[in-house]
Amino acid sequence: MHTVENHLIELLPHQDRLNLLAICEQVQLVRAEVLSEPGKPTAHIYFPTKGFVSLVALVDGRPGMEVGMVGSEGMLGAQLALGVATAPLHAVVQGAGAAWRVDPQAFRNELACSTALQHGMNRYIYVLMSQLAASAACLHFHLIGPRLASWLLMSQDRAHSDHFHVTHEFLAYMLGVRRVGITTAAGALQRSGLIEYHRGELTVLDRSGLEAAACSCYAADRRVYAEQMH
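For the record, in the sequence shown the residue sitting at position 3 is 1084 according to the working numbering, with numbers rising by one throughout.
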């Protein structure tokens, strides 16, 4: 059997886990690939293992800002557990890598048979609700620098690496700010020796220092996940 490497699947009892994996296929997520669009039917459910996905709210049909992130801790398509077929957000691959992919109807059938899967989905949807609410508050109350530090930590967690690819333009898009603001904030983190950035390649040099520079949202997000997904 393949290594699972997705926490939601790993939390399932052994037989439920085997049943879910039996309807999964392993795919490679490609950076910038769009996996879902708001208001459109969900084509597939994804359980990332190495890759990770940004959840982006659109404003007047245009890209607005990131409101959530999905990596090996979660899944894309949780709304199907609520009986909703359409996707609520624009989902774009931020970090390339592997994922388990599931057909929506096959997932619904498995969900109907597995109390453990239903329980896990309920708790994960709560985590997503908390993440979305925190994102709105963070945008309003926290400065760009601490928000950027939190975002980099969240990305590092899901990339499973100290090094990942990201451009200033993409960061501005994700955080809903002007590019000049990202350049200033990233420059400050680099001068402080917390990160190294060159031509879109970012390396976290001082994890504990970056945690100290981050806004409280990062620690709060980890705490909510740890409390619910155990």
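The beta-carbon is built from N, C-alpha and C at its ideal position, and this holds for glycine as well.
Keep in mind the model is a prediction, meaning the values are calculated, not measured.
Could you compute how far the alpha carbon of residue i sits from the alpha carbon of residue j?
i	j	result
S1153	V1261	32 Å
G1290	A1253	22 Å
I1090	V1258	35 Å
H1249	A1266	10 Å
Q1109	L1136	18 Å
A1240	F1133	7 Å
V1305	Q1199	19 Å
E1114	P1094	32 Å
L1233	E1086	21 Å
G1149	L1157	11 Å
C1318	L1229	This structure cannot settle anything about residue 1318, because the visible part of the chain is limited to 1082 through 1311.
A1166	L1092	25 Å
E1308	Q1107	29 Å
Residue i and residue j: beta carbons closer than 8 Å?
i	j	result
V1183	R1112	no
D1097	Q1212	no
N1100	S1216	no
E1178	P1227	Before going further, note that residue 1178 is Gly rather than Glu in the sequence given. No, these two residues do not count as a Cβ contact at 8 Å.
H1223	T1284	no
I1104	A1197	no
A1168	I1206	no
Along the chain, where does the alpha helix (DSSP H) that runs through residue i open and close?
i	result
L1256	H1249 to L1256
E1292	R1288 to A1294
What is the residue span of the beta strand (DSSP E) that residue i lies within?
i	result
E1154	No beta strand (DSSP E) contains E1154, which DSSP labels as neither H nor E.
T1130	Neither: T1130 is in no beta strand (DSSP E) and is coded neither H nor E.
L1283	E1282 to V1285
Just checking my contact of residue i with residue j at CB under 8 Å: how many whole Å lie between their CB atoms?
i	j	result
L1294	L1270	Looking at the sequence shown, residue 1294 is not Leu but Ala. Indeed, because the Cβ distance is near 7 Å, the residues count as touching under 8 Å.
L1192	A1162	6 Å
L1286	G1268	Not really, about 14 Å apart at Cβ, beyond 8 Å.
H1088	M1310	7 Å
query = If you scan the region 1085 to 1123 from start to end, which runs of the alpha helix (DSSP H) of 4 or more residues do you find wholly inside it?
reply = Taken in chain order, the unbroken stretches of alpha helix (DSSP H) that lie wholly in the region 1085 to 1123 and span 4 residues or more are 1088 to 1091 and 1095 to 1103.
task = Could you tell me which uninterrupted alpha helix (DSSP H) segments, each at least 4 residues in length, are contained entirely in the region 1157 to 1192, listed from first to last along the chain?
result = Secondary structure within the region 1157 to 1192: not one fully enclosed alpha helix (DSSP H) run of 4 or more consecutive residues is present.
ask   = Residue ranges of each beta strand (DSSP E) run of no fewer than 3 residues wholly in the region 1207 to 1252, ordered along the chain?
value = 1244 to 1246
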